[in-house]
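Novice: For the sequence shown, the residue numbers in the working numbering are 101 to 183. Glycine included, C-beta positions come from ideal geometry on N, C-alpha and C. Keep in mind the model is a prediction, meaning the values are calculated, not measured. This is the structure I have questions about; it appears just below.
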Amino acid sequence: MQKSLRTPRQMLLQSLLVEARKSKGLTQAELAVLLNKPQSFVAKYENGERRIDVIELVDISAALKIAASDILGKIKPEVGSEQ
101 MQKSLRTPRQ MLLQSLLVEA RKSKGLTQAE LAVLLNKPQS FVAKYENGER
151 RIDVIELVDI SAALKIAASD ILGKIKPEVG SEQ
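In structure tokens:
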């Protein structure tokens with residue numbers, strides 16, 4: 101399984117999170133305050149400089165008042181594919 105910051109699925113996750121933030125009318129700085137993180141935390145995962153883990157996804161989703169499952173449901177699994 102490829103663990104690059106630039107895989108299509110990782111880039112899709114980034115774009116889904118950016119879209120969700122913007123649809124809530126939040127800036128990166130405003131979301132960062134809700135997460136109790138620096139603005140650079142949001143900028144880095146949105147720009148593909150950093151991956152987020154599952155717990156971070158849960159926290160980001162909660163701050164955006166959306167279900168993490170709604171985001172994850174838009175990402176197709178690579179089960180059975182060999183990398």
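Using the beta-carbon count (16 or more within 10 Å), is residue 129 buried or exposed?
Specialist: The residue is exposed, with fewer than 16 neighbouring Cβ atoms inside 10 Å.
Novice: Hey, residue 164 and residue 124 are a contact pair by Cβ (cut 8 Å); roughly how many whole angstroms apart?
Specialist: Yes, residue 164 and residue 124 are in contact; Cβ-Cβ is about 6 Å, under 8 Å.
Novice: Assuming residue 175 and residue 109 form a contact by the criterion Cβ under 8 Å, report the distance between their Cβ atoms to the nearest whole angstrom.
Specialist: Residue 175 to residue 109, Cβ: 5 Å. Contact.
Novice: Using the three-state DSSP reduction, which class does residue 183 fall into: helix, strand or coil?
Specialist: With a pLDDT of only 49 at residue 183, under 50, the local geometry of the prediction cannot be trusted, and the value read off the model is given with reservation. Here residue 183 sits in coil by DSSP.
Novice: Apart from the five residues just before and just after residue 120, which ones in its own chain have a Cβ nearer than 6 Å to its Cβ?
Specialist: Contacts found: 164 and 166.
Novice: Grab me the residues of residue 142's own chain with a C-beta within less than 7 Å of its C-beta, minus the 5 sequence neighbours each way, in chain order.
Specialist: Answer for residue 142: 128, 131 and 132, listed in chain order.
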